[in-house]
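Colleague:
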Amino acid sequence: MSSQDDKTIDQPVSGKTADKVFKGVAYACGILILVVLAAVFLFLFFRAWPLIGGDQAANSETVSSFTGGKASSFWGYVGPLLFGTVLVSLLALLISFFVSIGIALFISHYAPKKLATALSYVVDLLAAIPSVIYGLWGGLVLVPAIYPFWNWVATYLGWIPLFQGPAANPSRTVATVAVVLAVMVLPIITSMSRDIFLQTPRLHEEAALALGATKWEMVKLAVLPFGKSGIVSASMLALGRALGETMAVLMILSPGLNYSIKLLQASQNQTIAANIAAQYPEANDLGVSTLIGTGLILFLITFVVNYIARKITEKASA
Amino acid sequence: MSAVEKSPMDGAPKIDFDKFRPTRSAIQRRNVKDYFMRGLIALAFVVACVPLISVLWTTIINGIKRLNLNFLSYNMTGVVGGNQTPSGGYGGVLHAIIGTLEITAGAMIISIPIGVMCAVYLVEYSIHGKLATTISLLVDVMSGIPSIVAGLFAFSMFTIIFGPGTINGFEGSVALSLLMLPTVVKSCEEMLKIVPNDLREASLALGVTKQRTITKIVLRTALPGIVSGAILAIARVIGETAPLLMTAGFISSTNVNLFSGQMTTLPVYVYQEYSKLSANCPANADATCVTTIPMERAWAAALVLIVIVLLLNLIGRIVAKVFAVKTER
Amino acid sequence: MGQRIDVNHENIYYGDFLAVEDVNINIEPNKVTAFIGPSGCGKSTVLRTLDRMHEIIPGAHVEGEVLLEGKNLYAKDVDPVAVRRDVGMVFQRPNPFPTMSIRENVLAGVRLNNKHLAKSDADDLVEWALRGANLWEEVKDRLDNPGIGLSGGQQQRLCIARAVAVHPQVLLMDEPCSALDPISTLAVEDLINELKSDYTIVIVTHNMQQAARIADFTAFFNLKAVGQPGHLEYFADTTTMFNNPQNEEAERYISGRFG
Amino acid sequence: MGQRIDVNHENIYYGDFLAVEDVNINIEPNKVTAFIGPSGCGKSTVLRTLDRMHEIIPGAHVEGEVLLEGKNLYAKDVDPVAVRRDVGMVFQRPNPFPTMSIRENVLAGVRLNNKHLAKSDADDLVEWALRGANLWEEVKDRLDNPGIGLSGGQQQRLCIARAVAVHPQVLLMDEPCSALDPISTLAVEDLINELKSDYTIVIVTHNMQQAARIADFTAFFNLKAVGQPGHLEYFADTTTMFNNPQNEEAERYISGRFG
Amino acid sequence: ACGDNTAAPAANSNGSSSTTTAISGDFQGAGASSQQAAVEAWIAGFQGTNPDAKIAYNPSGSGAGVTTFLTGATAWAGSDKALASDEVEQSKKVCAEGTAFDVPVYVSPIAVVFNLKGVSDAGKHVNMDASTIAKIFDGKITKWNDDAIKSQNPDLDLPDTPITVVHRSDKSGTTQNFVSYFKDVAPNDWSYDLSENWPNEVGQGAKGTSGVVSTVKQADGTIGYADFSAVGDLGTVAVKVGEKYVEISAEGAAKTIEDSPKDESATGDNRIVLKVNHNTTVDGAYPIALVSYDIVCPAYKDTKQAEFAKAWLTYVTSDEGQKTAQDAAGTAPLPSSLTAEISKSIEAIKTK
Ligand SMILES: Nc1ncnc2c1ncn2[C@@H]1O[C@H](COP(=O)(O)OP(=O)(O)OP(=O)(O)O)[C@@H](O)[C@H]1O
Ligand SMILES: Nc1ncnc2c1ncn2[C@@H]1O[C@H](COP(=O)(O)OP(=O)(O)OP(=O)(O)O)[C@@H](O)[C@H]1O
Ligand SMILES: [Mg+2]
Ligand SMILES: [Mg+2]
Ligand SMILES: O=P([O-])([O-])[O-]
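Residue numbers (my numbering), protein chains in the order written: chain A, 439 to 756; chain B, 13 to 341; chain C, 90 to 348; chain D, 90 to 348; chain E, 27 to 378.
#1: Mark Asn-184 (chain D) as exposed unless 16 or more other C-beta atoms lie within 10 angstroms of its C-beta, in which case mark it buried.
#2: If we ignore side chains and look at the alpha-carbon of each, how far apart do Phe-140 (chain E) and Leu-260 (chain E) end up?
#3: Apart from the five residues just before and just after Val-277 (chain C), which ones in its own chain have a Cβ nearer than 8 Å to its Cβ?
#4: Express the C-alpha separation of Gly-577 (chain A) and Ile-690 (chain A) in angstroms, rounding to a whole number.
#5: Following the continuous alpha helix (DSSP H) through Ile-634 (chain A), name the residue where it begins and the one where it ends.
#6: So which residues on chain D does Ile-238 (chain B) lean against when the C-beta distance must stay under 8 Å?
#7: Quick check on Leu-701 (chain A): does DSSP put it in helix, strand or coil?
#8: Got a sec: does ligand 7 put a non-hydrogen atom nearer than 6 Å to the Cβ of Ser-273 (chain D)?
#9: Taking Gly-91 (chain D) as the reference, give the member of D:Met-297, D:Val-151 and D:Gln-258 with the closest Cα.
#10: Could you check if Arg-33 (chain B) is buried or exposed, using at least 16 other CB atoms within 10 Å of its CB as the buried criterion?
#11: Just to confirm before moving on: does the CB-CB distance between Pro-11 (chain B) and Gly-261 (chain B) stay below 7 Å?
#12: Measure the CB-CB distance between Asn-97 (chain D) and Gly-131 (chain D) and report whether it falls below 7 Å.
#13: Counting only runs that start and end within the segment 253-306 of chain E, where is the beta strand (DSSP E) found for 3 or more residues in a row?
#14: Check this for me: beta carbons of Gln-61 (chain E) and Ser-318 (chain E), under 7 Å apart or not?
#15: What are the complete alpha helix (DSSP H) segments, minimum 4 residues, inside the segment 647-675 of chain A?
#16: Return the first residue and the last residue of the alpha helix (DSSP H) that Val-343 (chain B) is part of.
#17: Taking only the alpha-carbon atoms, compute the straight-line gap between Ile-372 (chain E) and Thr-340 (chain E) and give it to the nearest angstrom.
#18: By the 10 Å Cβ neighbour count, where 16 or more other Cβ atoms means buried, how is Ala-37 (chain E) classified, buried or exposed?
#19: Quick one: which chain C residues come within Cβ less than 7 Å of Glu-655 (chain A)?
#20: Which residues in chain E sit within 7 Å of Tyr-286 (chain B), going by Cβ to Cβ distance?
#21: From what residue to what residue does the alpha helix (DSSP H) around Lys-243 (chain E) run?
#22: In whole angstroms, give me the CA-to-CA distance for Leu-164 (chain B) and Gly-573 (chain A).
#23: Does DSSP classify Ile-292 (chain C) as helix, strand or coil?
#24: Using 7 Å as the limit for Cβ to Cβ distance, is Asn-744 (chain A) near chain B?
#25: Do the segment 196-206 of chain B and the segment 231-241 of chain B make contact, defined as three or more Cβ pairs closer than 8 Å?
#26: May I ask you to report which of helix, strand or coil DSSP gives Lys-88 (chain B)?
#27: Cα separation between Ala-530 (chain A) and Arg-248 (chain B)?
#28: If you draw a straight line from the alpha carbon of Ile-249 (chain E) to that of Gly-234 (chain E), how long is it in whole angstroms?
#29: Can you tell which of A:Gln-494, A:Phe-460, A:Trp-590 and A:Gln-706 has its C-alpha closest to the C-alpha of Val-128 (chain B)?
#30: Assign Asn-40 (chain E) to one of three DSSP states: helix, strand, or coil.
#31: Helix, strand or coil, according to DSSP, for Pro-518 (chain A) in the structure here?
#32: What's the gap between the Cα of Glu-308 (chain B) and the Cα of Pro-77 (chain E)?
#33: Of all the CB atoms in chain C, is at least one closer than 7 Å to the CB of Pro-663 (chain A)?
#34: Specify whether the segment 106-119 of chain C and the segment 286-301 of chain C touch according to this definition: at least 3 beta carbon pairs, one from each stretch, less than 8 Å apart.
#35: Since Glu-227 (chain E) meets chain A, which of its residues come closer than 7 Å, beta carbon to beta carbon?
#36: Have a look at Arg-748 (chain A) and Glu-683 (chain A) and give me their C-alpha separation to the nearest angstrom.
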């Protein structure tokens, strides 16, 4: 080969500008996240301001009108909502977590390749089923179908406060909503953890197998540790979706404003998001402020939840 | 030779390996556990299948009844009660399909470039800095923004900029892009992270600029993952109802202009039809007047929505396959 | 005591691709057998069939018999997990478990069978195995640091320690020294010499001097052309192989030797 | 023509950890310089400072000077991209681009820099580079297959071909042969011998015979104890290094040689 | 636009009184979701004579509809309840002059629906007086075979099924109208303040009329309240008026409204707000009914909007409009006693 023209390190490098511009754009996009979030926060805060800076008598009147006189202060209103939101979401996550991880492992390491491909596809598809459809299904199909089961639970496990009877009929209860939300978030956790599990380095899997590990031990030694942070982040995404889910809750749950863990009884809890959707259409200006105030609380809660989760991940990977 | 070095085994403890030999029962236990976990994992799969199949089955069975060409080619103008329209149908979802596609496309165009570039910033440029930690934490937080709050945000933003009562499709796109963004960033970030560092080093060592390394090697290698992440993000928002109720509104005629006028999307359509529950028929109506038509339309529209999602998935898969990258594991 | 391995008419496939053809070899117990041959001839592939690691690659399968003390590893009723318990393996690329400390990496295999290991037993075992891999001095003060934080050579020695710690009957090594410096290599070779009184050892190596130094028997694999299946060209005791090979290909390969 | 490299008082850090201390070395143009030394002594680390690849590791930085033909690579106005264009590198682990075919991998350095090559020029370049890496015969019929589909040894040779294809002034190689069989190694060594008329070559190797065979100069790195920084113990022309080293540590290390 | 169904042929379209030039342009309305069915039918009918008028109605809810109207973004609002006085005040900002006013557009009976094996599925009614209904909805009566119910239904074989009350969970005009019936007729059995929110925690709440109806359908022993048009094949309660039990019907509701006075507390020009007389004893009157209103301005900044609002209300309150709503949404027509007054209010809209 002919030698090329001599290069030296002094020669200008082409693509320098592109390099700088690209870096600038990347930084800008990173910072844009901050800006957007700040905008959302500020807007919510601004719209919720009358709760703090406005006429307090009018505020408590608004809250009374929302709650039928049950609460008269914003905190008395948001407290049970918050409780309900967290209760429903955690239940949903609890139900779906182990099932999801199981399915993800099934697809990534247990099922024959062809079946796994088909299942992956189905899971991706299910992740995409809109919540309004889950709402339809939950409200019209699941609610009547699941009543005998809840009734059975209430009859035989009623001594556990969670399952205290009588089971509401129709079962438009926290328990049923949690099942629907679990079904909704299941594909999210499954599809993300499956992707991560599939990325487990072959080297590590082989190391485990060569030590005489059974398949499950291989999963425990190589796959799960590798996927841990992915699983946590998938769960957080799922929790985020559950916390903010509106339509399915709105269409299924019979709401109430209690600090109650009677999962099988109706009119016990309500979630913040569903409450906003239910009340927003008929709310006046001050009512909207109150609802946005609750939205702000939800926003802060997700902040806290994610912050804690992040700390857990950091510790795990340290 | 080894005389030069003293043997590393000098001073090593003596080990009685028989102590560690697996006992029969230990092996038995491990095998049982292995089978047990295998069973549990398969069971998890079966358990999850029940509701998921039920959802699909219900939607298909109920939806197929009214899903026909007429339903796909008309909107809801001129539909009165349970009466048949002059074209022989009962109204349709053409306007909602157009609305869904336009609004979702708008959201994609906003959020995918931003999301990918943000992930690039997080993975390729930030050096574990405070800013990056904050941003990626906030991305997590953002994924928890309730869709309804996103709707309120977009609504008020447009109110401030374009005057009160502004409602249009693009407003819905903005609300949805807020919801899509964190999903795009997160999945893209994960995908960029698993691109082996070897490849970046190989490219940089060839004297390739960072920008070209990222666009031509890193993003290229991660592309299938990014595509499937983007599809997941689209799936996350294409079914949103609550924020679109306030931002894009609801209209029974076809509106193709994303930037002006209300726009119906499929989920909103489903919800509105569900809310109607039933339609009235005049006292002297004949059999062509169907009182249960709104619910039937709701299920049919739900089925259309699922089919659209399915098609998107298919397209995504084909794209991912065409660009597929064989990485060793 | 080590166990003997007899391979009869073995064909090895990756999917439809026949990678190695008709291998017949008798591996003596308590001896070191080295596999040599050009790149791509299937040394690693054959080695991996000896503890049924080959079959974890999707589509990969084996025809023929591999007898461990007369018992066919590929018989229907044999559990591959049990096989791998008895036949340890060290890989070409170091692969410590990234989430585990150095100590936990060494104990990983033992823990599978002994959930509750006495601390003192565990300590002894860790020290014994790490000394065996000539890593003890370097890491004894940071046993609780992650194994992945070590340099490449250190990682490989850690993997050897991990394989040795379960005290297998047979030890398979796929170029275990290719990432090691001479001093570590020497230590590992000493270890192999020491271990062969207890175990049967099979080692793949590119380094013919290494084969000559440590192996009792040497198997030379070859392939007729690229894309063709590899095969066992010549098998002999090491002295014959290197001094007086009765096979032209082997002689050509060895006489081109260096290093 | 190759360029000379002078390293002055170089300290290399990973974050706060001083990995290599006070390196001073003069690397002659158009000669092969080998780095040897025990595992973890910092051979790879030093090598990577010669084309500023070190600094892409977060927190990693360098003190001191590295002069390429008298020009400090670490001067403010020097662009690392330009440095790396002049100084090619081959890594310990093969790392072909998985998205690219064999052909595209070879051309990557040229193509990624947005240079347009006529098809015939490209074909010539691919053949030249692959022949140089002794890979041409094996892959010439499947240039459009993915590079990742090759065996480990083949992949590494592909990476050498890729580095060579951009015609660097200096070529850095970090144990390029550790995954290669003897025949490929021989070919690469021939290639190195051939290339040194045009380029300056620095190679890290564990194989002292390799160093003795191909290097004109040899640098022996060492480390006092684990956790301590590594340093350049002794630098000499290869003949002196292997026959008559003026350094006790080096002599001890080399006399423990084998293989 | 594409996909439009050709407008239903306007039935005997010589009916419209003032044959001014056809309206054209884009017009928006928003408000009560309960009006949706009627409004859709009206839009179709209105476009029969004004094919170039593009009208969109967003059934976002009465409150949101009024709020949107007060920003000036819509030409009219549909609402289940009349404007509050501060809303009237606020409307000064939006209307070109004067204040907004409400015009009744239809009357709708509220049904007390139930699902009880052996009764509702046999197509039978249950008789109840206001006090019994109030006690059920207040959780005081919990069994279907309670003496209070039995005594009023000697012919029925009532089972020992527990009663599950189903009420609206969202703010609702239907709720307010329903409980105001208790307030007026059985004040001793209903102690709660009047509100659009359901006041107690008895039974289950459901979103929207559709939620209530589908919930009632789902289980045996349920009872709820819903707009008549949504009842379907559920059982309905015959309500005691005077000494008789009256089954629900559009005509019955119309009779009650005819017997209802104007609400004197609603002050403001042109406003026609009715106070439903739940205590009516008119023969055949069904006392639980609500009046739905359209809210418009007497003058608009854009005269096109004014012309539209005028033509729209004219059509909606015309006999033809009322008939359309009755067919499409099962509403009851406005009593003829109001016709003159309504025309007067509509005439007040300035189109120049
Ligand atoms: N996972 C795989 N799938 C398909 N073919 C494979 C796979 N692994 C190896 N091969 C092929 O099998 C043949 C033998 O490969 P093997 O890795 O056993 O050779 P080797 O002698 O160990 O080479 P090296 O010295 O480079 O490690 C080669 O042609 C290789 O391309
Ligand atoms: N990315 C890194 N971060 C922190 N420390 C590192 C990193 N890479 C290497 N080191 C440390 O720097 C020292 C020198 O490592 P280096 O890899 O340069 O040694 P080497 O001589 O190339 O060893 P080997 O022969 O095993 O490749 C070692 O102590 C190692 O632990
Ligand atoms: Mg190999
Ligand atoms: Mg190194
Ligand atoms: O129409 P509603 O006010 O009852 O929702």
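Ideal Cβ positions, reconstructed from N, Cα and C, are used throughout, including at glycine.
Modeller: Short version:
#1: Here residue 184 (chain D) corresponds to residue number 95 of the fourth sequence, with the count starting at 1. It counts as buried.
#2: Residue 140 (chain E) sits at position 114 when you count from the first residue of the fifth sequence. Residue 260 (chain E) sits at position 234 when you count from the first residue of the fifth sequence. One C-alpha to the other measures close to 6 Å.
#3: Numbered from its first residue, the third sequence carries residue 277 (chain C) at position 188. Hits under 8 Å: Ala-222, Asn-223, Arg-246, Ile-249, Pro-265, Cys-266 and Leu-269.
#4: Taking the first residue of the first sequence as 1, we reach residue 690 (chain A) at position 252. Taking the first residue of the first sequence as 1, we reach residue 577 (chain A) at position 139. Cα to Cα, the separation comes out at about 5 Å.
#5: For the purposes of this step, residue 634 (chain A) is identified with residue 196 of the first sequence, where counting begins at 1. Run containing Ile-634 (chain A): 612-636, per the alpha helix (DSSP H) assignment.
#6: Within the second sequence, the letter at position 226 stands for residue 238 (chain B). Taking a Cβ-Cβ cut-off of 8 Å, Ile-238 (chain B) has no neighbours in chain D, whose nearest Cβ is about 13 Å from it.
#7: As a first step, residue 701 (chain A) is located in the first sequence; it is residue number 263 there, counting from the start. Three-state DSSP puts Leu-701 (chain A) in coil, outside helix and strand.
#8: With respect to ligand 7, the structure offers nothing, as its ligand set consists of ligand 1, ligand 2, ligand 3, ligand 4 and ligand 5.
#9: In the fourth sequence, the residue the question calls residue 91 (chain D) occupies position 2. Closest by alpha carbon: D:Gln-258.
#10: Here residue 33 (chain B) is taken as the residue at index 21 of the second sequence, counted from 1. So Arg-33 (chain B) counts as exposed.
#11: Nothing in the structure corresponds to residue 11 (chain B), since chain B is present only between 13 and 341.
#12: Within the fourth sequence, numbered from 1, the residue matching residue 97 (chain D) stands at position 8. Within the fourth sequence, numbered from 1, the residue matching residue 131 (chain D) stands at position 42. No; because the gap between Cβ atoms is not below 7 Å, this pair is not in contact.
#13: You should have 261-267 and 270-272.
#14: Your numbering for residue 61 (chain E) matches position 35 in the fifth sequence. Your numbering for residue 318 (chain E) matches position 292 in the fifth sequence. Closer than 7 Å, so yes.
#15: The DSSP assignment places complete alpha helix (DSSP H) segments of no fewer than 4 residues inside the segment 647-675 of chain A at 653-656, in order along the chain.
#16: In the structure as shown, chain B begins at 13 and stops at 341. Residue 343 (chain B) is therefore absent and cannot be evaluated.
#17: If you number the fifth sequence from 1, residue 372 (chain E) lands on position 346. If you number the fifth sequence from 1, residue 340 (chain E) lands on position 314. Distance between the alpha carbons of Ile-372 (chain E) and Thr-340 (chain E): 7 Å.
#18: What you label residue 37 (chain E) is simply residue 11 of the fifth sequence in a count that begins at 1. Unreliable positioning characterises Ala-37 (chain E) in this predicted model, as indicated by a pLDDT of 45, which lies under 50. The coordinate reading is nonetheless provided below. The residue in question, Ala-37 (chain E), is exposed, as its Cβ has fewer than 16 Cβ neighbours within 10 Å.
#19: The sequence position of residue 655 (chain A) within the first sequence is 217, counting from 1. Within chain C, the C-beta atoms nearer than 7 Å to that of Glu-655 (chain A) come from Leu-201, in chain order.
#20: Within the second sequence, numbered from 1, the residue matching residue 286 (chain B) stands at position 274. Within chain E, the residues near Tyr-286 (chain B) are Ser-236.
#21: Here the question's residue 243 (chain E) lines up with position 217 in the fifth sequence. Residues 234-244.
#22: What you label residue 164 (chain B) is simply residue 152 of the second sequence in a count that begins at 1. What you label residue 573 (chain A) is simply residue 135 of the first sequence in a count that begins at 1. Cα to Cα, Leu-164 (chain B) sits roughly 22 Å from Gly-573 (chain A).
#23: In the third sequence, counting from the first residue as 1, residue 292 (chain C) sits at position 203. If DSSP states are grouped into helix, strand and coil, Ile-292 (chain C) belongs with the strands.
#24: Within the first sequence, the letter at position 306 stands for residue 744 (chain A). Taking 7 Å as the CB threshold, Asn-744 (chain A) lines the interface with chain B.
#25: The segment 196-206 of chain B vs the segment 231-241 of chain B: in contact.
#26: In the second sequence, counting from the first residue as 1, residue 88 (chain B) sits at position 76. Note that residue 88 (chain B) corresponds to Met in the displayed sequence, not to Lys. In this structure, Met-88 (chain B) counts as coil in the three-state DSSP scheme.
#27: Within the first sequence, numbered from 1, the residue matching residue 530 (chain A) stands at position 92. Within the second sequence, numbered from 1, the residue matching residue 248 (chain B) stands at position 236. Approximately 18 Å, taken between the alpha carbons.
#28: Position 223 of the fifth sequence, counting from 1, holds the residue named residue 249 (chain E). Position 208 of the fifth sequence, counting from 1, holds the residue named residue 234 (chain E). If I take the Cα positions, the gap works out to 15 Å.
#29: Within the second sequence, numbered from 1, the residue matching residue 128 (chain B) stands at position 116. If we check each option's Cα against that of Val-128 (chain B), A:Phe-460 comes out closest.
#30: Here residue 40 (chain E) refers to the residue found at position 14 when the fifth sequence is read from its first residue. Reliability of the predicted coordinates at Asn-40 (chain E) is poor, the pLDDT of 43 falling under 50, and no value is obtained from them.
#31: The residue you call residue 518 (chain A) lines up with position 80 of the first sequence. In this structure, DSSP gives Pro-518 (chain A) a helical state, which the three-state scheme calls helix.
#32: Locating residue 308 (chain B) in the second sequence gives position 296, counting from the first residue. Locating residue 77 (chain E) in the fifth sequence gives position 51, counting from the first residue. Cα-Cα distance, rounded: 29 Å.
#33: For the purposes of this step, residue 663 (chain A) is taken as the residue at position 225 of the first sequence. Yes, Pro-663 (chain A) counts as interfacial toward chain C.
#34: Yes: the two stretches touch, three or more of their Cβ pairs being nearer than 8 Å.
#35: In the fifth sequence, residue 227 (chain E) corresponds to position 201, counting from 1. Correct list: Gly-694 and Ser-705.
#36: Looking up residue 748 (chain A) in the first sequence gives position 310. Looking up residue 683 (chain A) in the first sequence gives position 245. Taking the straight line from one Cα to the other gives about 22 Å.
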